[in-house]
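Sequential numbering of the sequence shown, starting at 4, is according to this note's numbering. All residues carry an ideal CB built from backbone N, CA and C; glycine is no exception. Only a predicted model underlies this, so the values are computations on that prediction, with no experimental measurement involved. Let me begin by presenting the structure, written as structure tokens, before commenting on it.
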Amino acid sequence: MRYDVVIIGGAIVGSSIAYYLRGEGFSGSIALVERDPQFAHAATTLSCASIRQQFSIPENIRLSQFTLKLFRRLTEEFGADADIGFREGGYLILAGENGLPILRANHEAQMAEGADIVLEDADALVRRFPWLSAEGITAGAYGRSGEGWFDAHAMLMLFRKALRGKNIDFITADVTGIERQGDRVTSVSLGNGERLEAGIVINAAGPNAGKVADMAGLALPVEPRKRNVFVFE
């Protein structure tokens with residue numbers, strides 16, 4: 004089987020890519036390959052599902068701002084019942100004396116992109132957050148708006164529902180190999196024995212993107228790492 008575009012990974016990144024390809028008028032054939040159709044082990048559904056604009060480079064800030072615009076017109080895009088429980092609670096990123104230059108440089112980049120981030124010293128932070136222990140803290144950056152958390156599974160389901168009837172093939176399978184001719188990826192092999200020839204292959208495999216890239220002989224420094232979340236009441 005041949006496709007113009009093969010997307011490896013069908014969770015929120017892969018599904019949104021397919022959605023926007025169709026939305027921008029792309030009429031070629033698209034295959035969306037996902038090994039876990041229930042998304043029980045997907046980073047999308049297992050993540051903290053949050054959005055922030057506190058990044059160090061303009062590209063990442065703009066990506067978040069693009070998504071924020073979508074969140075704020077969700078019902079216009081997906082219908083009156085669309086709801087992902089988005090709460091703009093803000094991010095608070097703290098720094099000691101050694102980390103302050105980086106925090107300031109990041110804040111300048113964020114302000115240049117129009118992000119609503121305020122940089123405050125420790126005293127101001129304690130006034131804003133009386134529960135905060137300022138020991139070792141020199142300053143902090145707080146997102147007053149445009150940052151928070153949401154239901155990532157609900158967002159994924161909106162994309163998946165919107166893809167119905169858009170002439171996209173949903174394929175449930177593991178990717179087991181990738182073939183190249185020179186600098187171009189030409190086909191994707193699946194665990195069910197299928198081979199998909201492709202004009203373009205998009206790696207949307209999340210924390211497994213490094214493994215997928217390795218199949219194509221490419222070094223991509225992406226790997227899953229354990230992180231911890233603490234909830235205080």
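Per DSSP, cross-strand counterpart(s) of residue i
i, result
"alanine 201", "Tyr6"
"valine 36", "Ile11 and Ile174"
"isoleucine 20", "Answer is none; isoleucine 20 lacks a bridge partner."
"serine 53", "Trp152"
Euclidean distance between Cα positions of residue i and residue j
i, j, result
"glutamate 111", "phenylalanine 42", "38 Å"
"phenylalanine 235", "isoleucine 64", "28 Å"
"phenylalanine 81", "leucine 161", "7 Å"
"alanine 165", "alanine 127", "45 Å"
"glycine 143", "leucine 135", "11 Å"
"arginine 163", "tyrosine 145", "33 Å"
"isoleucine 60", "alanine 14", "25 Å"
"histidine 44", "methionine 218", "21 Å"
"alanine 108", "arginine 147", "18 Å"
"glycine 99", "isoleucine 20", "39 Å"
"valine 191", "threonine 179", "8 Å"
"leucine 71", "glutamate 27", "19 Å"
"serine 53", "glycine 151", "6 Å"
"glycine 196", "isoleucine 205", "20 Å"
"aspartate 177", "leucine 122", "45 Å"
"valine 16", "arginine 187", "22 Å"
"alanine 115", "serine 67", "14 Å"
"aspartate 124", "asparagine 101", "14 Å"
"glycine 168", "alanine 201", "22 Å"
With 16 other Cβ atoms within 10 Å as the buried cut-off, status of residue i
i, result
"isoleucine 203", "exposed"
"valine 232", "exposed"
"tyrosine 23", "exposed"
"methionine 4", "exposed"
"arginine 55", "buried"
"glutamate 79", "exposed"
"phenylalanine 153", "buried"
"isoleucine 171", "buried"
"leucine 221", "exposed"
"glycine 185", "exposed"
"glycine 93", "buried"
"glutamate 37", "buried"
"isoleucine 105", "exposed"
Integer-rounded CB distance, given that residue j should sit under 8 Å from residue i
i, j, result
"alanine 34", "isoleucine 10", "7 Å"
"phenylalanine 74", "phenylalanine 89", "5 Å"
"aspartate 119", "glycine 149", "5 Å"
"alanine 208", "glycine 31", "About 21 Å separates the two Cβ atoms, so there is no contact after all."
"threonine 141", "leucine 103", "5 Å"
"serine 50", "alanine 212", "Serine 50 to alanine 212, Cβ: 15 Å. No contact."
"proline 40", "threonine 175", "5 Å"
Residue ranges of each alpha helix (DSSP H) within the segment 167–219, 4 or longer: 212–218
Segments assigned alpha helix (DSSP H), at least 4 residues, entirely inside the segment 80–158: 103–115 and 125–131
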